[in-house]
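Under the numbering used here, residue 217 is the last one in the sequence shown; the count climbs by one each step, no gaps.
Glycine included, every Cβ here is placed at the ideal spot set by N, Cα and C.
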Amino acid sequence: MNAALKAYKRSANQSATPRQIVLMAYDRLMLDLERAKAAQEEQNWAEAHNQLVHAQALVTELQIALDVDAWDGGERLYAIYEYVSQSLVKANINRNITLTEECLVLIGEIHEAWKAAAASLPAEHMSGAFNA
């Protein structure tokens, strides 16, 4: 990636709203999980490992940013993140595509919910759930 493109992406991330940051994290998490699944299907374990590790890091960042006290579902969402994180570790260690697929479904549902919420709520209602 050239320097100008890197600078543009860095600037875009620095000026993003908390809502946009969360959605970007989910977008990338979904991409990582899709790539991990494809790599597992091809038995490309090194690539699957890289994608799963990056997905784990994103889930951890979402956990850290989550303010569980900001809304009623905060603790449940945190528990889902914890489950997904543990499942990704197991999927990686055991080369288990079924766990990767399960995580893809779970995160996909949350991703869709966030997209719908982001489209329908003013920005101030979205930012309280995360410390982004």
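{"Query": "Where the alpha helix (DSSP H) containing Glu127 begins and where it ends", "Result": "No alpha helix (DSSP H) contains Glu127, which DSSP labels as neither H nor E."}
{"Query": "Minimum C-alpha distance to Ala142 - residue among Thr183, Leu191, Glu167 and Trp199", "Result": "Glu167"}
{"Query": "Inter-residue CB distance, Leu175 and Leu108 (contact presumed, cutoff 8 Å)", "Result": "Note on residue identity: the sequence assigns Lys, not Leu, to residue 175. Not quite, the Cβ-Cβ distance comes to about 27 Å (not below 8 Å), so this is no contact."}
{"Query": "His134 versus Ala121: straight-line alpha-carbon distance, rounded", "Result": "7 Å"}
{"Query": "Proximity of Ala140 and Glu132 at Cβ, strictly below 8 Å", "Result": "no"}
{"Query": "Where Asp157 sits in the DSSP three-state scheme", "Result": "coil"}
{"Query": "Reference Gly158; option with closest CA among Ile195, Gln105 and Leu173", "Result": "Ile195"}
{"Query": "Exposed unless 16 or more other CB atoms sit within 10 angstroms - verdict on Arg113", "Result": "exposed"}
{"Query": "CA-to-CA distance, Arg161 to Lys150, given in whole angstroms", "Result": "The residue you asked about is not Lys; residue 150 is Ala in the sequence shown. Those two C-alpha atoms are separated by around 15 Å."}
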